[in-house]
């Protein structure tokens, strides 16, 4: 058990926790809490840390934990004795509190390897890497891509990942100035979808949209000035949706890349929808059309 | 201008700001910021307060403000000289900072009268009171109701109000243990829809659902065990959707009140959707069916 913050591992962990650049250079990110840790594909766990009190508590009630977290057993070894032998490091509670990013640490912290994705992953043509399966079945799918332009709210981005997985989107493309997916609040609100939905950041969003079009994908921009309602278009073939910034919508130079502007009809005096809501309405319309 | 926190008005304002019960007894709530203040129906403003620096700034650039906030002119009189004569109270910046609920006060705070709604309002059969018009047109609508069971997240509730207005829902019914609509974070995230979408809290959710059914409305529960997909049902007649708590879903005693359990088909390993996303998918399906 590590009881001192001057331990070399703890120093490195603090550096990773504090500096985005350090995490990026190491190709890792940090995940906290037993719920989220249970979602990590085991082969991507670089290092697992648990607090002393978590270790004691869970060791004595391994069965309860297994019930509470359902599939947790896949992600976190529940026998903490074997964990500490097998690689998880136990930290004294004060040391754990020091390395945790949260006010009320939950006793589990993992350093996780980042996964690099290619455009082929985003389009869903690389089923080996895609994790979007249910009950072990991988259904072949037409590309269904969400393109985010300067999205800023961490909760929105997390919710969009979660919704994208459920709606069967094949992947996400984000402009470099979107909020960082590795922001702890984003990670939490993905509810684990961040481990399963392919994504990539790009410095050149118009260029990436050009690649989509070259791959035969029809690109729709959700826009207040769209001519057709979103449900008047056909999404059974490969499709992509451009979603803009919360306050300002899509940038003009991104909008012009679309094949077609669509609008989500709105009643009342609302001027716009929340970005995650707009994305959800569009992505589930794809699912609806492809099912029927 | 008020410069002392021992002023009687300021004492009363602090009491309202701090105590939910005081606000409830007075039948008011508090709205902050110029953006939200501009959404308040003028006849419901009990009292408007502005900070000294806001008054000075906006007085000298009334035209800019009118551009920046668009329809703001309806809600906030922009000539602050006439405002202070006409009823708005100017507070010194330190006093304003004291009464504000936010870390960086925006200089506008309104005490707003609560609006009581009846079941007839929720069903949209009382067009005089409904504010859900666009361009002055009131379209006659079949009832389209959202019923929230123990919803806890302020951001979710605000987003649901905003989405409900845009999707053309006629009203919301909330169990008493839902998060308080008058919570400042909820108010903000409604983007003004709280002033326009009828709602009521009830101690007896099953009883309220019974009233909906007696009014000929078909009641659907969004449920993981639903038999039909949500898009296989017909929402052209009066309809209501039951949406449950973020972590636990619908309570059994509420679920059994539904005429029909429906599910939103999900791919991947996601276990559930965010409550506001689920509500959005269902409400926009109603709009889609009613348009086509």
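Protein chains in written order, with this note's numbering: chain A, 49 to 340; chain B, 49 to 340.
We treat Cβ as the ideally placed atom computed from N, Cα and C, and that holds for glycine.
Given the structure is predicted, the values throughout are model-derived calculations rather than measurements.
Below-8 Å beta-carbon distance, residue 314 of chain B vs any chain A residue: yes
To the nearest angstrom, report how far apart residue 205 of chain B and residue 156 of chain B are at their CA atoms. 24 Å
Roughly how many angstroms separate the alpha carbons of residue 311 of chain A and residue 291 of chain A, rounded to a whole number? 11 Å
In the DSSP assignment, find the alpha helix (DSSP H) that holds residue 95 of chain B and state where it starts and stops. Counting along the chain, residue 95 of chain B falls outside any alpha helix (DSSP H), though it belongs to the beta strand (DSSP E) covering 93-99.
Exposed or buried, what is residue 68 of chain A when buried is set at 16 or more other beta-carbons lying within 10 Å of its beta-carbon? exposed
Separation of residue 76 of chain B from residue 111 of chain A, as counted between CA atoms: With a pLDDT of 33 at residue 111 of chain A, under the threshold of 50, the modelled position of this residue cannot be trusted; read the value that follows with caution. Near 50 Å, if we compare the C-alpha coordinates of residue 76 of chain B and residue 111 of chain A.
List in chain order: all unbroken beta strand (DSSP E) runs of 3+ residues lying wholly within the stretch 206-237 of chain A. 219-223
DSSP three-state call for residue 50 of chain A: helix, strand or coil? strand
Would you list, in chain order, the members of the stretch 319-334 of chain A that have their beta-carbon closer than 7 Å to a beta-carbon of chain B? 321, 322, 324, 325, 328, 329 and 332
At 4 residues or longer, and completely inside the stretch 272-326 of chain B: list those alpha helix (DSSP H) runs for me, N to C. 300-303
Could you say which of A/313, A/340, A/231 and A/191 lies nearest to residue 72 of chain A if we only look at CA atoms? A/231
Here's the rule: buried if 16 or more other CB atoms are within 10 angstroms of the residue's CB, otherwise exposed. What is residue 49 of chain B? exposed
Sort out for me which residues DSSP pairs residue 80 of chain A with in a bridge. A/157
Determine the chain B residues that contact residue 81 of chain A at a beta-carbon separation under 8 Å, and present them in chain order. Those do not exist, as residue 81 of chain A stays about 14 Å from chain B at its closest Cβ, beyond 8 Å.
Could you check whether the Cβ of residue 207 of chain A sits closer than 8 Å to any Cβ belonging to chain B? yes
Which first and last residues belong to the alpha helix (DSSP H) in which residue 270 of chain B is found? Here residue 270 of chain B belongs to no alpha helix (DSSP H); instead the beta strand (DSSP E) covers 266-270.
State the Cα-Cα distance for the pair residue 314 of chain B and residue 270 of chain B, rounded to the nearest angstrom. 13 Å
Collapsed DSSP secondary structure at residue 249 of chain A in the structure displayed: strand
Where residue 277 of chain A and residue 222 of chain A are concerned, what is the direct C-alpha to C-alpha distance, given to the nearest angstrom? 24 Å
What does residue 203 of chain A reach in chain B if we use C-beta pairs closer than 8 Å? 203
Hey, how far is the Cα of residue 83 of chain B from the Cα of residue 162 of chain A? 40 Å
Just grab the DSSP bridge partners of residue 259 of chain A for me. None; residue 259 of chain A has no bridge partner.
Same chain only: Cβ atoms within 7 Å of residue 239 of chain A, ignoring 5 sequence neighbours per side: 210
Identify which residue in A/253, A/330 and A/224 has its Cα closest to the Cα of residue 301 of chain A. A/253
Sort A/245, A/335 and A/323 by Cα distance to residue 168 of chain A and report the nearest one. A/245
Counting only C-beta atoms, is residue 295 of chain A closer than 8 Å to chain B at any point? no
What does the Cβ neighbour count give for residue 201 of chain B, buried or exposed, with the cut at 16 atoms within 10 Å? buried
Could you tell me the distance, in whole angstroms, from the CA atom of residue 91 of chain A to the CA atom of residue 159 of chain A? 12 Å
Short CB-CB distance (under 8 Å) between residue 152 of chain B and chain A: no
Can you check which of these residues, B/213, B/233 and B/306, is closest to residue 81 of chain B by C-alpha distance? B/233
Selection from A/263, A/265 and A/224 that minimises the alpha carbon distance to residue 250 of chain A: A/224
With DSSP collapsed to three states, give me the class of residue 115 of chain A. Interpretation of residue 115 of chain A is limited by its pLDDT of 32, a score under 50 that renders its predicted location unreliable; the figure taken from the coordinates is listed afterwards. Helix.
Indicate whether at least one CB of chain B lies closer than 8 Å to the CB of residue 211 of chain A. yes
Can you pull the chain A neighbours of residue 255 of chain B, defined as C-beta to C-beta under 7 Å? Those within 7 Å of residue 255 of chain B in chain A number zero; the least Cβ separation is about 28 Å.
Within 8 Å (strictly less), CB to CB, does residue 288 of chain B reach chain A? no
Please confirm if residue 239 of chain B has its CB atom under 8 Å from at least one CB of chain A. yes
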